[in-house]
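Please read the structure below before turning to the comments.
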Amino acid sequence: MCRSIKTLRPPVLPEEATEEDMHAAALQYVRKVSGFRAPAAHNREVFEQAVDEITEATRRLLEGLEVRGRAVRRPEPDAA
1100 MCRSIKTLRP
1110 PVLPEEATEE
1120 DMHAAALQYV
1130 RKVSGFRAPA
1140 AHNREVFEQA
1150 VDEITEATRR
1160 LLEGLEVRGR
1170 AVRRPEPDAA
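Residue numbers (our numbering): 1100 to 1179.
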């Protein structure tokens, strides 16, 4: 049904994961869990919402992980 979701943290991924990387992983996850490669029109909104929420959860996870031998990544403070 879908390819394996790749690891997005260093050192497996040499550079930091991009928004595109996180979205692709979230999409693969939602496809696997739902059993749909592409949702029908009546399921599209909930499908896309799940992808967005999982992308955000992935971003928070990667920002919070501490990988031994590497500095902890913290999100940039909002410039207000």
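Virtual Cβ for every residue (Gly too), placed ideally from N, Cα, C.
Leu1107 places its beta carbon less than 9 Å from that of Thr1157. In the DSSP annotation of this structure, His1141 is not part of any alpha helix (DSSP H), being labelled neither H nor E.
For Ser1103, the secondary structure class from DSSP, reduced to helix, strand or coil, is coil. The beta carbon of Val1166 sits closer than 8 Å to those of Arg1108, Pro1109, Pro1110, all from its chain and outside the five residues before and after it, given in chain order.
Closest by C-alpha distance to Ser1103, out of Glu1118, Thr1117, Glu1114, Ala1124, is Ala1124.
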